[in-house]
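Heads up: take any position in the sequence shown, counting from 1, add 167, and you land on my numbering.
Ideal Cβ positions, reconstructed from N, Cα and C, are used throughout, including at glycine.
Worksheet: one structure, shown below.
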Amino acid sequence: MRSFQNLHNRSTLFGDRDTSNTNPSIFDSVATKAKLDDRDLDMLESQDEENISGLSAKVKILKNITGKIGEEIRSGNSLIDTMNDQFSNTGSILNTTIHNFKTMAAKESGTVWCVLTVFIVCIVIFFYYWFFK
């Protein structure tokens, strides 16, 4: 089983390494050897400006896209709100209709309902055979 007591101690984890760098890195030697003249600096600056202008154009495109996404979300939310209001109105109309049916059913006798049900079933069967046969 491995002990996790010494995980906070860097020298225990990685061994005793000398942190001073006696050998210069490749990049340090390249940086000291490379001497840039004005032409090279101008070329690098123009490349930077081209890159900046390309990034600016991309940022403008992204800003335009996010603006259009925001407009679409707002229009979608307004559509959803309108649909919610319409469904609420429909629900109240259906509740009123069901209440009226219950009131009518309580006042009418069972015979009238049976005759009405048989009549509706006969009409459905008639239209079924008329349209599909």
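Straight-line spacing of the CA atoms in Asn262 and Arg241 works out to 32 Å.
As for any alpha helix (DSSP H) of minimum length 4 sitting wholly inside the stretch 230-285, there is none. Distance between Phe286 and Tyr295, taken at the CA atoms: about 14 Å. Counting only the Cα atoms, Leu203 lies some 15 Å from Gln214. A straight line joining the alpha-carbon of Glu239 with that of Phe254 spans about 22 Å. Exclusion of the five residues before and after Thr278 leaves no residue of its chain whose Cβ lies closer than 7 Å to its Cβ. The three-state secondary structure of Asp204, taken from DSSP, is coil.
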